[in-house]
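Chemist:
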Amino acid sequence: MNKLHFKVGLFAAASLLLAGMFVVYLLHARGFFEKTFHLQLAAASADGVAPGVPVVFSGIEIGRVTTLGLNENGGIIIHAEFLGRNAKWLKENSTFTLDKPIVGGAKIRVDSPDLKAPALPDNATMLLLTSDISKEIPALVDRVKAILDNVEHLTRKDGELNATLANAKTVTGRMTGEYGMLEGLLGSPEKARALTDSLDKTRALITKLDGLAAKADQWLFAEKGVAAQTRESLAQIRLLLNDAQSSLKKADVMMTNAVEISANVKDGTQDLAQLRAEIDDAVRKASDLVNQINRKWPFAREPEVKLP
Amino acid sequence: MNFLAASIESLGAKVVGWFTVGYAMAAFLARAGLLLLEPATWNRATFDVVVKQVYFTAVQILHVFLGYALVISWLIITIILSTARDFGLTEFASEMTIRVLVLELLPFLTALFVALRSGSAINTEVALMQVNSELDALAHCKVPPMQFEFLPRLVGGVVSVVTLAGLAGLLALLMGYLAIYGVNTAGFEPYTRTIAKIFDFKIMAGLLVKCALFGLAVTLIPVTAGLETPKKLFMVPVSVLRGMMRVFFAIVAIEVVSLALKYI
Amino acid sequence: MAAVVALPDDVARVSHELPLRANLSALDNIALIPIYQRHFSVGESNQQALQLLDQLGHADIASLRDPDMTPAQRFVTKLARALILKRPRLVIDRPGAMLYDVSYPAFIRQLAMQATMAGTWEIFDFSWNRVLYNE
């Protein structure tokens, strides 16, 4: 027996065995022995998404974007692949969010709030949200709430508006009374006009909110339109918008009254000025909100919301 | 004027020299490659010489080499881990460790190791064969030295560097696992994920090609340098010196090109 | 001298200018030729080489390497290597340079008797050594 040959043979056999084991391990790690799970994501914008962008679940990469493409309606379809063993994290109520951190590459985040939910079938199509939207939905809800509070505050029974109106009545009573100081208390016509302007703005806002609500409706009732969680958020916003609308309408009526009264008395009291400022503020905030919603929601632009 | 002309001339001589060396190497490699394709080459005798070469280049030094790879890996892993912890980058530590050690440092060190040990030996031996006219004797007997002296060395070198780098890499992977997760199976999943992320087909093929080129560089260059030796005994050290210089440059160049291809 | 260097291809030379491979044993040095020229297997070639050495009466040097041999043993190995080439002419080039420790004409004569070879043996040597061959 040749000792040298034996040693080399042992070395070669051991090396080949180790190499073979490593290759098998690597193939296992890369999912060669597993079925690949495919997923399509519909997005309004593919900004920052490229093949190779990771799909992460709880911070751990479970898949990757393979290709980007367009469907017949011009919508963007992102194809992603997952290893069979990672597919269990994708549920029917999962949301897919495009995360673009300030530092680091873009990634698609998967959130599965309920892991007991039925699993997503292969080749399913889901909606891809843009991260700043999903982050901002709660913030938007908060802002709507704040505005509503404001409106509520203005229109409550013992609120400033009522008080102002009462005040105005008193003043009117007084003015038309024995003192007859009508002329002396005359406010400038500009002030009255400013109030009318506020009123117009409020009305414009109501129209805008109407439009937005209609869009939200469209989304809510579209077949397989959006993921359940997003749908909930939308429904919430829808309610808030309705609320805002009715409140603003109430305010509108009162404002009209107030303007009429003030026009009657030509009054320029502090109370009314303050009221106007507050209404203005509320209207501005609400307009902002509407603009923001319009600008940022991916489905606000209609041609892009068509799903395959 | 004379000075300028002289310097231009010396530059020209250098360039011509480099081209001659490069051409000789390429021609040698081409001949070896063609011979490799011939079925007649693959007889038992050539195989025996290859086995002998693998024995002297890889098996004989395996324990020393693995011990050395173990120490280097352990040190580098510890340094990377503690630095990563200090900077709060622990999540990148395992990937960093694997990239630095398995893909870059260990193949490079393996090539240096084999170059210093076998490369210099090959260079000296070929130079002595040349100076002693042993090659002339072989030529007289019509025994092609390429087939039984040089080709087995090239093949042995490639096989040895690829295998040694692979073994050292596997060892480093194991050490990395132990250093990060300790002796338990809890880290198997995330570690597997990291490995799967790093070792795609391109990286594996690149690693293999790089190691093979290292193996070729540490044998081909010494052989050609040895063959260039003039028939004077005192030229043997000069030949080894030149050969080893070229080997070093070649190894660094391969590493630089591989890094550039990978990250640029 | 020039005639020796410019010998044609059908000549097998034994010369101090054509040394043995230093890190191979005598047997391997001889066996190289059947292996690489006639594509015999290693075992077969070794068999042939050993047979040849045995015929020359030096089977005991089979495992020795060049530095371990005496000049006579080295010469026998070189001669065996030239014989196994099976060329029609055998030229021994300046035997005095290789066989400095024996009376080489007698030594060569004895080897020539043991070897069975179809072709001719020629010895090139310096003219002042002619007397040695006449002894």
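Chains as they are written, first to last, in this note's numbering: chain A, 12 to 319; chain B, 32 to 295; chain C, -4 to 130. Just so it is clear, CB atoms sit at the ideal spot from N, CA and C, and this is done for glycine as well.
Starting from P175(B), find everything on chain C with Cβ-Cβ shorter than 7 Å and list it in chain order.
Modeler: Y31, listed in chain order.
Chemist: Fully enclosed by the region 151 to 213 of chain B, which alpha helix (DSSP H) runs are 4 residues long or longer?
Modeler: Taking only runs of at least 4 residues, the alpha helix (DSSP H) segments lying wholly in the region 151 to 213 of chain B are 151 to 162, 165 to 171, 182 to 212.
Chemist: So for D55(C), helix, strand or coil by DSSP?
Modeler: Helix, per DSSP.
Chemist: For the 8 Å Cβ check, are there 3 or more pairs between the region 124 to 132 of chain A and the region 93 to 108 of chain A?
Modeler: The region 124 to 132 of chain A, when compared against the region 93 to 108 of chain A, does touch it at the 8 Å Cβ threshold.
Chemist: I need the straight-line Cα distance from I39(B) to N33(B), nearest angstrom please.
Modeler: Using only the alpha carbons, I get a separation of about 10 Å.
Chemist: Note the first and the last residue of the continuous beta strand (DSSP E) segment covering H90(A).
Modeler: Note, H90(A): beta strand (DSSP E), 87 to 94.
Chemist: Any idea what DSSP makes of L94(C), helix, strand or coil?
Modeler: Here L94(C) sits in coil by DSSP.
Chemist: Strictly by DSSP, which residues pair up with T109(B)?
Modeler: Partner(s): none; T109(B) has no beta bridge.
Chemist: Give the residues of chain B in contact with F33(A), contact being defined as C-beta atoms less than 7 Å apart.
Modeler: Within 7 Å Cβ-Cβ: L201.
Chemist: Measuring only between beta-carbons, confirm whether V67(A) sits less than 8 Å from chain B.
Modeler: No, V67(A) does not count as interfacial toward chain B.
Chemist: Since A7(C) is in the beta strand (DSSP E), which residue starts that stretch and which ends it?
Modeler: That run of the beta strand (DSSP E) goes 6 to 9.
Chemist: Around the Cβ of D88(C), are there at least 16 other Cβ atoms within 10 angstroms (buried) or fewer (exposed)?
Modeler: Classification of D88(C): buried, given that the 10 Å Cβ count is 16 or more.
Chemist: Would the region 108 to 122 of chain B and the region 44 to 53 of chain B be scored as touching if the rule is three or more Cβ pairs under 8 Å?
Modeler: No: the two stretches stay apart, fewer than three of their Cβ pairs being nearer than 8 Å.
Chemist: I'd like to know whether the C-beta of F245(B) is nearer than 8 Å to at least one C-beta of chain A.
Modeler: Taking Cβ atoms only, chain A never reaches closer than 8 Å to F245(B), which makes this a no.
Chemist: Cβ of T255(B) less than 8 Å from any chain A Cβ?
Modeler: Cβ-Cβ to chain A under 8 Å: no for T255(B).
Chemist: Three or more C-beta pairs closer than 8 Å, one from the region 8 to 24 of chain C and one from the region 72 to 80 of chain C: is that the case here?
Modeler: They touch, by the three-pair rule.
Chemist: Quick one: give me the first and last residue of the alpha helix (DSSP H) that F17(A) is part of.
Modeler: 14 to 40 is the span of the alpha helix (DSSP H), which, as asked, contains F17(A).
Chemist: Would you check if there are 3 or more beta carbon pairs closer than 8 Å linking the region 190 to 198 of chain B to the region 129 to 144 of chain B?
Modeler: Short answer: they touch.
Chemist: What residues from chain B crowd round V86(C), counting only those whose CB sits closer than 8 Å?
Modeler: Near V86(C) there are no residues of chain B at all, since even the closest Cβ is about 11 Å away, more than 8 Å.
Chemist: Given a cut-off of 8 Å on the beta-carbon distance, is the pair V249(B) and V145(B) in contact?
Modeler: Yes, these two residues count as a Cβ contact at 8 Å.
Chemist: Using a Cβ cut-off of 8 Å, pull out every chain B residue sitting near P14(C), in sequence order please.
Modeler: N163, S164, E165, A168, listed in chain order.
Chemist: For V121(A) and chain B, any beta-carbon pair shorter than 8 Å?
Modeler: Closer than 8 Å: no.
Chemist: Using only alpha-carbon positions, find the residue among M206(B), V288(B), V95(B), P175(B) that is nearest to F245(B).
Modeler: Answer by Cα proximity: V288(B).
Chemist: Residues in the same chain with beta-carbon distance under 6 Å from M160(B), minus the five sequence neighbours each way, listed in chain order, please.
Modeler: So the list reads L166, once near-sequence residues are dropped.
Chemist: Run through DSSP, which three-state label would H49(A) get?
Modeler: Of the three classes helix, strand and coil, the one that applies to H49(A) here is strand, per DSSP.
Chemist: Do P65(A) and T77(A) come within 8 Å of each other at the CB atom, strictly closer than that value?
Modeler: No, Cβ-Cβ distance for T77(A) and P65(A) is not below 8 Å.
Chemist: Please state the DSSP three-state secondary structure of P100(C).
Modeler: It is helical.
Chemist: Determine the direct distance from the alpha carbon of L143(B) to that of L247(B), and round the result to whole angstroms.
Modeler: Going by the C-alpha atoms only, they are around 12 Å apart.
Chemist: Quick one: list the residues of chain B neighbouring Q9(C), beta-carbon separation under 7 Å, in chain order.
Modeler: Here residue 9(C) turns out to be Val, not Gln, going by the sequence shown. Within 7 Å Cβ-Cβ: nothing; V9(C) doesn't reach chain B, min ~10 Å.
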